[in-house]
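In the numbering used here, the protein residues as written are 703 to 1525.
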Amino acid sequence: MRVTQNNFYNSFIYDQQNFKTELNTVNRQISSGLKIKYGYEDTSVFADTLRLDYEEHSLNQVVNVATDAQNFANNTDSVMFQFTDALTRFKTLLVQAANGTNDDNNFYAISNELESLKDNMINLGNTSINGRYLFSGSATDVKPIDENGNYYGNDKTLKAVVGANVEVPYNIPGTELFFGEDNNYHRTVTTNVPLYKKIDYDKKELGLTDVRPDTPEYITTENTLEEMTGWEGDVSNDNKIYFYVTGKDSNGKSFKDIMEFDKDIKVDELLEKIGNIYGNTPTNKVVNVTLNNGRIEIQDKQSGSSMLDFSMVASDKKVTDIRETLQDPDAHVMFFNSGERAPDFALSTIASSRNTDVTNSFILNTLFLDKNSQKQADLNTKLKDIFPSDNDGSNNDDVKSISFSGKDVNGNNVNGFINIDDTATMQDLLNKLNTTFGVDAVLNEQGRIELVDSSGNNGDNFFIDSFSTMNDVNGGGSAIDGLRSEVTVESNDFTKSANMLLSSVSQIVKADNSYAVDSTKLVDVSAGSDIDNLSLDMDLTDKDGNNVAANIFRDSADGGKIKVRVDTDKDGTWDKTFTVKNADGTDTVEDSVNDIHQFTMKQLTDVVSVVMAGKYNDIDYTTTPPYTYTDAVDSARKSVDTRLDDKGRIVIEDKTKADTNMRISLFDSNSYDYTPDADGKYTSSLFTFQSNNSLTIDDPKHDFFASLDEAIEAVRLGRFRPDGTDIVSSRNIGIEGALEKIDHVLNHFTKEHTKIGAMSNRLGYAVERNETLKINVQTLRSDILDTDIGEASMRLNQLTLNFQALYSTITKINSLSLVNYMK
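Right, dumping it as structure tokens:
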């Protein structure tokens, strides 16, 4: 091929440009340290670099998030140390208070320090770091705890993303820390009326009239039931004592029974029989029933359940309606639980009962309480403020007078009455009883009337066989329910606070031990396997001051609809009946979708609002447009809002008044009934909302600040153990019980402290792991993108030599002349 000068020139230019390009590339690689500057230079390197850059950025984000989360967890861990220190000091002070050598001044000083520790723990619970509260759940901008220990955060967990589909929690929500649940704990309940030995058999054998022991002595398991009750042999009932028992077992199933014993039976047999009712057998115990300083204590051997409950009343009279034990002057009654909770107005007539503690003393076993404050009445309390009456004289359900009859201290038949007007007081009632029966009538510390025969007859002639609340003046008209019945432990008035009414019994879902919410079905919190025979009674004073009775029931004669009937004037006649609707407005008819087992807590609270607001009178489907049940619910809730709180208790709020005059007791219709069926069994209550039941010493669930308050109150009262005979805070569990609760709380905090420490460690590991991964990614990126300086230098030298050789060759060729070609 002929090589022309032009070909030579073009070839030279091409090679020169290539050398320059390569030299420029190598120089840039050496100077920048990078293999490429632009993606088009090497798409493979560019793609790998982009991927690795993204991974490094993601790892940086993970490290930052995990570090921030670890700091949050570490701050929480630090506060938990302070909590533990404060709780340890709190427990130490409780132990100091329990040593039995303190006087009132010591108790006062200790309680003040305990109060300070509680305030400090509230402040610890409100700790915020960088504007974020540690214990508010995910609502980190919300201050979680107020000065009363109420919680306003949520139950959400904060989580840090530390890898693909890997999340690590890094906080402890206040619900878990302050209101948590420990499934390894056992529920323990106790009666709060201390049982003392009431008969000294040595004195009895000597034939003394007063056979009471000289010094108080707690009952033991070896004492007899006669010694425990003080009820000496009585041939009228074959020397029997009857124990009326209600409660729930570990699985939430209710029971009701009457235990019958001879009076010479030992207390140990009574405790054994109680255990048998729960399901104890000779080979298997499901509960431990013991006697602790005169109180009956029952511990659930199944851990993690908050269902167990217990109530008991004793009498030497066997009845089918437990209220009748208060209506026979020859009957004795003994309460094992007592408290501030106000029994409902379930009786129209009671009789006096001999006081076994004082031989010449008698008791009217009904509580005289101010119906507005629910506190014990005093001598100046007006009778109209004690008994159900609006004093306008328009209703037959108003108590307008009290009549009484019986025998005076000399055995004469007597009777009398007192009218309930604007001026009559408790002192006036006592004066009437004094003049009528010749006794010394006083209002005792438990809020009951005590009648003392000081005539020297030792009370042998005296009794009141009828103390009745009447619906007309001068003791006339009919006897109506106006007396509070302590024997009906499940039919107590909701506790009043300003414009709120609160039930005491949490509704707990049997399946998972959680608190009920609006959507919870009644059958899931019932004490039976079904609620086909649902019947709930309401005894109430509505927002307008009207005394009303109502009943929620399943109408099997009308397709299983759930209905409510209302006695607007409590004359025993149902004046209004309406059907409860579902959320979509359809009837609660028993079918595959809307049967009674679908009935929810929300529907129950709707009914309460409608009745308490009096809106049932407005329901009318014949008008245009019709005024439906849904309309009544919506209207009622504007004035009376009924709901569940975070512990599954019913709360009723009067939106029309700052201090409501409403009252309500809501209870199973079988509460009073002790009529046996064909098999000798008793129908127990399916539901309990407010009960004068046993006190809770320990439970898998706990309320941190409520436990602190109860402990502080116990120390301030100087009370070592529960004491239902003291009207002041009679349901306080005492210092001994408070110590058990604080032990539980301290263990719970230790567990949560361990948990947050584990979270912090896990986040630390995540930071270390991701830092290592980031280094690996950076190394790999360097391997792919960074210039190998040695290799690039060798390449530069090679290109330089080649480039110089090229120029040398071209120079020689260009220096050739024609002579050189001719040679």
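Glycine included, C-beta positions come from ideal geometry on N, C-alpha and C.
Nothing here was measured: the structure is a model prediction, and the numbers come from that model.
Determine the DSSP secondary structure at residue i, reduced to helix, strand or coil.
{"i": "residue 937", "result": "Bear in mind that the predicted position of residue 937 carries a pLDDT of just 44, short of 50, making it unreliable; the figure below should be weighed with that in mind. Residue state, collapsed to three classes: helix."}
{"i": "residue 1221", "result": "coil"}
{"i": "residue 1421", "result": "coil"}
{"i": "residue 1152", "result": "strand"}
{"i": "residue 775", "result": "helix"}
{"i": "residue 1105", "result": "strand"}
{"i": "residue 1133", "result": "helix"}
{"i": "residue 949", "result": "strand"}
{"i": "residue 1481", "result": "helix"}
{"i": "residue 1447", "result": "helix"}
{"i": "residue 1462", "result": "helix"}
{"i": "residue 1228", "result": "coil"}
{"i": "residue 1128", "result": "helix"}
{"i": "residue 1506", "result": "helix"}
{"i": "residue 1202", "result": "strand"}
{"i": "residue 1016", "result": "strand"}
{"i": "residue 1436", "result": "helix"}
Between the alpha carbons of residue i and residue j, how many angstroms are there, rounded?
{"i": "residue 1091", "j": "residue 1085", "result": "9 Å"}
{"i": "residue 951", "j": "residue 799", "result": "34 Å"}
{"i": "residue 1183", "j": "residue 1362", "result": "22 Å"}
{"i": "residue 1156", "j": "residue 1112", "result": "11 Å"}
{"i": "residue 1254", "j": "residue 1284", "result": "15 Å"}
{"i": "residue 1276", "j": "residue 1266", "result": "10 Å"}
{"i": "residue 1454", "j": "residue 1467", "result": "20 Å"}
{"i": "residue 1036", "j": "residue 1081", "result": "26 Å"}
{"i": "residue 788", "j": "residue 1481", "result": "50 Å"}
{"i": "residue 922", "j": "residue 966", "result": "14 Å"}
{"i": "residue 857", "j": "residue 877", "result": "5 Å"}
{"i": "residue 992", "j": "residue 1319", "result": "52 Å"}
{"i": "residue 1233", "j": "residue 957", "result": "15 Å"}
{"i": "residue 1396", "j": "residue 1012", "result": "6 Å"}
{"i": "residue 919", "j": "residue 1269", "result": "49 Å"}
{"i": "residue 1062", "j": "residue 1423", "result": "29 Å"}
{"i": "residue 1177", "j": "residue 963", "result": "40 Å"}
{"i": "residue 1110", "j": "residue 1161", "result": "9 Å"}
{"i": "residue 942", "j": "residue 890", "result": "30 Å"}
{"i": "residue 831", "j": "residue 774", "result": "8 Å"}
{"i": "residue 1127", "j": "residue 1088", "result": "9 Å"}
{"i": "residue 931", "j": "residue 1054", "result": "17 Å"}
{"i": "residue 796", "j": "residue 1441", "result": "7 Å"}
Mind checking residue i: buried by the 16 CB within 10 Å criterion, or exposed?
{"i": "residue 1383", "result": "exposed"}
{"i": "residue 1282", "result": "buried"}
{"i": "residue 1496", "result": "exposed"}
{"i": "residue 1029", "result": "buried"}
{"i": "residue 1148", "result": "buried"}
{"i": "residue 759", "result": "exposed"}
{"i": "residue 1305", "result": "buried"}
{"i": "residue 1249", "result": "buried"}
{"i": "residue 1002", "result": "buried"}
{"i": "residue 1460", "result": "exposed"}
{"i": "residue 1194", "result": "buried"}
{"i": "residue 894", "result": "buried"}
{"i": "residue 1328", "result": "exposed"}
{"i": "residue 910", "result": "exposed"}
Below 7 Å, is the gap between the Cβ of residue i and the nearest heavy atom of the ligand HEM?
{"i": "residue 811", "result": "The ligand HEM is not part of this structure, which contains no ligands at all."}
Do the region 810-827 and the region 1409-1419 meet, that is, are 3 or more Cβ pairs less than 8 Å apart?
-> yes
Inside the region 811-873 only - beta strand (DSSP E) runs reaching at least 3 residues = 861-865 and 868-871
Say whether the region 1365-1381 touches the region 1207-1226, bearing in mind that this needs 3 or more beta-carbon pairs closer than 8 Å, one atom from each stretch.
-> When C-beta atoms of the region 1365-1381 are compared with those of the region 1207-1226, fewer than three pairs fall below 8 Å, so the two segments do not count as touching.
The region 1185-1193 / the region 1045-1053 touching (three or more Cβ pairs under 8 Å) = yes
Does the region 980-987 come close enough to the region 863-870 that 3 or more CB-CB pairs lie under 8 Å?
-> no
Tell me, please, whether the region 1191-1210 touches the region 1344-1352 by the rule of three or more beta-carbon pairs shorter than 8 Å.
-> Taking one beta carbon from each stretch, the region 1191-1210 and the region 1344-1352 have 3 or more pairs nearer than 8 Å; the two touch.
Mind the definition here: the region 1404-1411 touches the region 1383-1396 only if three or more C-beta pairs lie below 8 Å; say whether that holds.
-> Touching, no, given that fewer than three Cβ pairs across the two stretches are closer than 8 Å.
Is it true that the region 902-912 meets the region 795-809, where meeting means three or more beta-carbon pairs spaced less than 8 Å apart?
-> no
Where in the region 967-1014 do unbroken runs of the alpha helix (DSSP H), each at least 4 residues long, occur, reported from the N-terminal end onward?
-> Entirely contained in the region 967-1014, the alpha helix (DSSP H) runs reaching 4 residues are, in chain order, 969-980.
Counting Cβ pairs, one atom from each stretch, are 3 or more of them under 8 Å apart for the region 825-839 and the region 871-878?
-> As far as the Cβ criterion goes, the region 825-839 touches the region 871-878, which means the pair count is three or higher.
Along the chain, which unbroken stretches of the alpha helix (DSSP H) at least 4 residues long are found entirely within the region 1315-1361?
-> Restricted to the region 1315-1361, the alpha helix (DSSP H) segments that are unbroken, complete and at least 4 residues in length are 1331-1338, listed in chain order.
Please go through the region 1023-1075 and give each complete alpha helix (DSSP H) segment of 4 or more residues, from N-terminal end onward.
-> Given a length threshold of 4 residues, the region 1023-1075 has no whole run of the alpha helix (DSSP H) inside it.
Are three or more beta carbon pairs between the region 1118-1126 and the region 1059-1078 nearer than 8 Å?
-> no
At least three beta-carbon pairs within less than 8 Å, the region 1156-1174 to the region 1061-1071 | yes
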